[in-house]
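Residue numbers (UniProt numbering): 1 to 342.
Okay, structure coming up:
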């Protein structure tokens with residue numbers, strides 16, 4: 001009977017663990033994944049649980065780390081760590097309810113069923129709360145900041161180690177358990193505040209740098225426009241002199257000399273003027289500031305390296321139905337690769 005209970009515990013916890021991680025990561029398991037989870041993780045975990053008891057949990061966690069790291073890299077690690085914390089917190093809450101009900105000598109199977117219901121519902125509720133926080137993170141520049149993501153993973157790992165280390169192995173006295181719960185709640189609140197405060201500080205710093213970069217980009221854009229306008233004024237100023245010079249060739253009926261003069265002196269000036277104007281006028285219909293600033297910077301960067309580049313926005317674009325951070329990252333990589341290849 002004890003063996004059956006142990007097997008059921010491992011199956012139940014493995015199912016909750018797998019479902020919580022898939023909910024947070026928004027990952028849909030394939031048929032191949034189910035086979036891998038059952039025969040590569042769950043069954044070995046059952047065997048290890050019968051031999052090593054609670055320490056078999058390390059094998060389960062390690063397998064999920066590998067599984068999700070291969071599919072989502074650092075986000076997979078963060079997902080597994082968040083899932084572990086969710087399971088630990090809800091296990092503590094459900095165990096507290098279980099211990100409280102035992103003081104009234106309620107049937108063991110009834111209290112066990114209540115424990116499982118509270119544990120499962122709590123895990124799923126926490127999962128959807130985390131999804132909401134993740135969605136807000138995806139709209140931030142922190143989503144692509146690897147240093148922040150690594151720091152977040154380290155924070156979560158430390159939280160898991162601390163919480164797991166002090167978690168009581170047995171229920172014991174109900175009042176002692178409540179006292180421990182209060183300490184854990186305060187610690188978890190402080191831990192959460194630290195993460196949120198750190199996140200807001202880093203995000204504020206990144207937004208400041210991004211806005212500063214936007215201002216620099218628009219400053220470069222303005223300087224370039226001024227250069228073009230100066231060239232235009234110079235061109236207009238020299239227009240009369242150019243016509244007078246050409247008239248001398250026409251008066252002498254020297255068409256060959258006129259062609260040579262045009263190719264050597266007028267045509268290069270015309271091409272340079274049209275090239276610089278076309279490069280920047282091509283994006284005048286783009287009204288999305290983040291993307292326009294990025295493209296302007298890349299155009300000027302290519303121009304400084306004497307690389308011919310043409311960007312044309314045919315229709316006016318005021319909004320893009322895609323995450324601006326992801327799109328900026330994609331466009332930046334493509335244009336950087338194009339400039340380097342040239």
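No residue lacks a Cβ here, since even glycine has one placed at the ideal position from N, Cα and C.
Would you decide whether residue i is buried or exposed? Buried here means 16 or more other CB atoms lie within 10 Å of its CB.
i	result
residue 305	exposed
residue 320	exposed
residue 60	buried
residue 201	exposed
residue 122	buried
residue 17	buried
residue 57	buried
residue 179	exposed
residue 199	buried
residue 132	exposed
residue 318	exposed
residue 130	buried
residue 104	exposed
residue 217	buried
residue 68	buried
residue 98	buried
residue 20	buried
residue 95	buried
residue 148	buried
Could you check how far apart the C-beta atoms of residue i and residue j are, in whole angstroms? I think they sit under 8 Å.
i	j	result
residue 119	residue 91	6 Å
residue 283	residue 327	About 15 Å; that fails the 8 Å criterion.
residue 150	residue 74	7 Å
residue 50	residue 3	7 Å
Once the 5 residues before and after residue i are set aside, which same chain residues still bring their CB inside 8 Å of it?
i	result
residue 195	152, 155
residue 85	156, 159, 160, 163
residue 278	Here the model assigns residue 278 a pLDDT of 48, short of 50, so the residue's position is not dependable, and the following value carries that caveat. Closer than 8 Å at Cβ, skipping near neighbours: 310.
residue 250	258
residue 29	18, 22, 37
residue 134	24
Relative to the C-alpha of residue i, which residue among the options is closest?
i	options	result
residue 313	302, 134, 296, 307	296
residue 220	132, 117, 303	303
residue 338	307, 102, 318	307
residue 128	82, 98, 102	82
residue 294	50, 213, 53, 102	213
residue 87	116, 99, 109	116
residue 93	182, 70, 52	182
residue 37	66, 53, 55	66
residue 137	203, 106, 89	203
residue 146	253, 109, 111, 206	206
residue 55	187, 31, 165	165
residue 124	111, 263, 89	89
residue 71	33, 52, 53	33
residue 301	263, 322, 340	340
Ignore the nearest five residues each way along the sequence and tell me which others in residue i's own chain have a CB closer than 7 Å to its CB.
i	result
residue 316	285, 287
residue 332	294
residue 223	none
residue 111	98, 101, 102
What residues in its chain sit with their C-beta under 6 Å from that of residue i, if we drop five residues either side in the sequence?
i	result
residue 348	Only positions 1 to 342 of the chain appear in the structure, and residue 348 is not among them; the question remains open.
residue 14	42
residue 373	It is not possible to answer for residue 373, since the shown part of the chain is limited to 1 through 342.
For residue i, decide whether its Cβ has a neighbour in chain D, counting only Cβ atoms nearer than 7 Å.
i	result
residue 130	Here there is only one protein chain, and chain D is not present.
Q: Tell me, please, whether the segment 23–37 touches the segment 68–86 by the rule of three or more beta-carbon pairs shorter than 8 Å.
A: yes
Q) With contact counted as at least three CB pairs below 8 Å, one residue from each stretch, are the segment 7–17 and the segment 38–54 in contact? A) yes
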